[in-house]
Amino acid sequence: MANTILVGAQWGDEGKGKIIDFLTEEADIVVRSQGGNNAGHTVIVGGTKYVLHLIPSGILRSKKMCVIGNGVVIDPVAVQKEIDGLRGQKIKVSKDNLLISDCAHLVLPYHRALDEQREMKKGKGKIGTTKRGIGPAYGDKAARVGLRMADLMQPALFSEKLEQRVKENNAVLKAFGAKPINFKAVNTAYLEAGKALAPFIGNTVVYLHAALKAGREILFEGAQGTFLDIDHGTYPYVTSSNTTAGGACTGSGVPPHRMDRVLGVMKAYTTRVGEGPFPTENAEISDMLHGMGREFGSTTGRARRCGWFDAVAVRYAGMINGIDDIAVTNLDGLDSLPTIKICTHYKLGRQTLEVPPSDFAQLTNCQPVYIEMPGWQTPTHEAKKFSDLPKTAQTYLRKIAELSGAKLTIASVGPNRDQTIVV
Ligand code: IMP
Ligand code: MG
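All letters in the sequence shown, in the order written, are residues 5 to 427 by our numbering.
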């Protein structure tokens, strides 16, 4: 399989979890390198549903090593709960299949409180975050006042630093008129989680380099999507990490020249959860998908906003990530439509744009230009090979690949492992 970076080419929720699970079969190691438990990957295996937030979905296959890299922000209590939940579902989680970076930053309760307060203060201008404290945690990392896994592994040092941080953050929370954080309670809960996590904590960079040397194959699983990237996304309506391909390098310590391939995952249409510009948003397709019980968030349960496939966005995602291959998911979501639209360009005043403008106000004013394709109005979820798909569905997929400038390699027609077509 070679070393593959898998990224979301849209606004997250592209169905990456399922594709990762599928590709994991050929990989030796699966790495998470950015984001936190704002992510939610849903994987269905043998009729059982697993929702993963922090732990790489590789955990669902035995004999695969899962690594949480330095670029991830971790709520130790949440990860501990996730491990317990998986064990409850009879999934083996031990130090033989999970390694967590000692450089990963911790998400603390004051991050969550601040996330919530800032969102509330913004009112109508809110970002629509998952309220998991992700932004404030990365903020502390950049401000060099974050606490890391390595700190948590040294209880006395951790408590001392935490007390200081709680004091400072309580002053900020007070200014917001919010409830202060209780140092003692947090200290106890975190140290307890730290103790349970201790066997998993180590130097992931050294581990990954030894694995590279031994010729083991690594899959880097991206969380969120290209347009939620802190640098390249629809700022400020973004998450706080680099969700694009470069994030896999900085978030894991594996250098760029050791990466062999970038796979972009995209839905056959577009969705976005939370606020922010979304040029191809469409009420009818939203209603249709929600009516089918689809497109509700796996982390927050929120209904996702839905729209037509946006080739302008995906073209840009191809550039930023260096996408070689694409996986198109949720094709079956379009099964009932008589005609399907694809946005090929944006109009901004009299200008025709090939790529999205960086400015948020300009993007908000962009009008999508569509082409129309005939639908197939046939269920596709039983197709096993590309040739099993209706001709019009094949044409639609080919068109998406052509407009994305990458090779179509996977099409997904349902949530199960066996509903995956290798092209
Ligand atoms: P945060 O990451 O919780 O700060 O949220 C910032 C923005 O990213 C919001 O619009 C969220 O809805 C969005 N977001 C964060 N994580 C995910 C994800 O895993 N899938 C889809 N959207 C996400
Ligand atoms: Mg998700």
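Where a beta carbon is used, it is the ideal one built from N, C-alpha and C, also for glycine.
Output needed for residue i: all residues of its chain with C-beta closer than 7 Å, excluding positions within five of it in sequence on either side, in chain order.
i	result
Leu-232	Trp-15, Gly-16, Val-242, Thr-243 and Thr-247
Ala-405	Ile-330, Lys-411 and Leu-412
Val-427	Phe-390, Leu-412, Thr-413, Ile-414 and Ala-415
Could you tell me the boundaries of the beta strand (DSSP E) in which residue i lies?
i	result
Phe-224	222 to 225
Ser-416	411 to 416
Arg-265	265 to 271
Ser-105	102 to 105
Ile-346	343 to 352
Ala-331	329 to 333
Pro-378	371 to 378
Arg-309	309 to 311
Tell me where the alpha helix (DSSP H) around residue i begins and ends.
i	result
Gln-253	Note that residue 253 is Cys in the sequence shown here, rather than Gln. Cys-253 -> alpha helix (DSSP H) spans 250 to 254.
Pro-113	113 to 126
Met-296	Neither: Met-296 is in no alpha helix (DSSP H) and is coded neither H nor E.
Glu-196	187 to 201
Gln-14	Neither: Gln-14 is in no alpha helix (DSSP H) and is coded neither H nor E.
Leu-169	What sits at residue 169 in the sequence shown is Arg, not Leu. Start and end: 159 to 180.
Leu-90	80 to 92
Val-209	208 to 217
Ile-33	Premise fails: Ile-33 lies in the beta strand (DSSP E), 33 to 36, not in any alpha helix (DSSP H).
Just to confirm, does residue i get its C-beta within under 8 Å of one of the non-hydrogen atoms of the ligand IMP?
i	result
Arg-434	Nothing about residue 434 can be read from this structure; the chain reaches only from 5 to 427.
Arg-169	no
Ala-227	yes
Asn-174	no
Ile-131	yes
Ala-117	no
Thr-368	no
Ser-244	yes
Arg-276	yes
Thr-248	no
Asp-328	no
Glu-279	yes
Gly-127	no
Tyr-241	yes
Asp-155	no
Trp-15	yes
Met-43	Position check: residue 43 holds Ala in this sequence, whereas Met was assumed. Checking the Cβ of Ala-43 against the ligand IMP gives yes.
Gly-418	no
Gly-181	no
Leu-161	no
Gly-311	no
Thr-303	yes
Leu-10	no
Leu-267	no
Leu-232	yes
Gly-39	yes
Can the beta-carbon of residue i be found closer than 9 Å to that of residue j?
i	j	result
Phe-385	Asp-314	Looking at the sequence provided, one finds His at residue 385 rather than Phe. Result no, Cβ atoms of His-385 and Asp-314 do not sit closer than 9 Å.
Gln-371	Pro-283	yes
Arg-122	Gly-40	no
Glu-288	Thr-274	no
Ile-425	Ala-387	yes
Gly-51	Asp-25	no
Glu-2	Glu-376	In the structure displayed, the chain extends from 5 to 427; residue 2 sits before or after that span and is not available.
Asn-42	Thr-382	no
Leu-102	Ile-59	yes
Ser-340	Gly-297	no
Ile-48	Asn-325	no
His-109	Ala-141	yes
Val-277	Gly-132	yes
Gly-206	Ser-37	no
Val-34	Lys-68	yes
Thr-28	Leu-223	yes
Grab me the residues of residue i's own chain with a C-beta within less than 6 Å of its C-beta, minus the 5 sequence neighbours each way, in chain order.
i	result
Asn-173	Tyr-114
Tyr-320	Val-359 and Pro-360
Arg-265	Ala-6, Thr-8 and Asp-328
Asp-363	none
Pro-342	Gly-379
Pro-394	Trp-380 and Thr-382
Please tell me whether, using a cut-off of 8 Å, the distance from the CB of residue i to the nearest non-hydrogen atom of the ligand FMN is below it.
i	result
Gly-51	The ligand FMN is not among the ligands present in this structure, which contains only the ligand IMP and the ligand MG.
Excluding sequence positions up to five away, which residues of its chain have a Cβ less than 8 Å from the Cβ of residue i?
i	result
Asp-475	In the structure as shown, the chain begins at 5 and stops at 427. Residue 475 is therefore absent and cannot be evaluated.
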